[in-house]
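Residue 107 is where the sequence shown starts when you use the working numbering, and the numbers rise one by one after that.
Every residue, glycine too, gets a C-beta built ideally from N, C-alpha and C.
Note sheet for the following structure.
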Amino acid sequence: MKTVSTPNAPAAIGPYSQAKIVNGLVFCSGQIPINPASGAIEATTIEEQTRQSCLNVKALLEAAGSDLTKVLKTTCFLANMSDFAAFNSVYGEYFTEKPARSCVAVKDISKGALCEIEVIAEV
Numbered sequence: 107m108k109t110v111s112t113p114n115a116p117a118a119i120g121p122y123s124q125a126k127i128v129n130g131l132v133f134c135s136g137q138i139p140i141n142p143a144s145g146a147i148e149a150t151t152i153e154e155q156t157r158q159s160c161l162n163v164k165a166l167l168e169a170a171g172s173d174l175t176k177v178l179k180t181t182c183f184l185a186n187m188s189d190f191a192a193f194n195s196v197y198g199e200y201f202t203e204k205p206a207r208s209c210v211a212v213k214d215i216s217k218g219a220l221c222e223i224e225v226i227a228e229v
């Protein structure tokens, strides 16, 4: 098992790793829309926050030797299901291979984020 760490995605804000590689798969921790350069959520709209979350996922995958085309499964969390259409529009720009997905609304997301995306991908 290998731990993945990159400054191009937000640092872990708790006792977990950004990602782990095992048996040819990379398991990425959920990515909220933190700008890794500032360490803060700067985006305010669901579209902007989705884009930043996707960019964070992309950076983790690249650090693991993978990319968005190799994503097998995503789990997406929304603070408000009424944001689904807007979230989906931006998400579709990044996940063009249409991986398997779950998308659910949750009561709260860390740091007040509007969305969070976690992925499993081939390395």
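Label residue i either buried or exposed according to how many other C-beta atoms from any shown protein chain fall within 10 Å of its C-beta, with 16 as the threshold for buried.
i	result
residue 136	buried
residue 222	buried
residue 162	buried
residue 121	exposed
residue 156	buried
residue 219	buried
Could you tell me the boundaries of the beta strand (DSSP E) in which residue i lies?
i	result
residue 152	Element bounds for residue 152: not the beta strand (DSSP E) but the alpha helix (DSSP H), 152-169.
residue 227	221-228
residue 208	206-211
residue 136	131-137
In chain order, what residues of the same chain lie with their CB nearer than 7 Å to the CB of residue i, ignoring the 5 residues before and after it?
i	result
residue 125	110, 132, 133, 134, 135, 166 and 170
Throw me the rounded Cβ distance for the residue i and residue j pair, which I believe falls under 8 Å.
i	j	result
residue 55	residue 179	The structure shown does not extend to residue 55, since the chain is modelled only from 107 to 229, so the question has no answer here.
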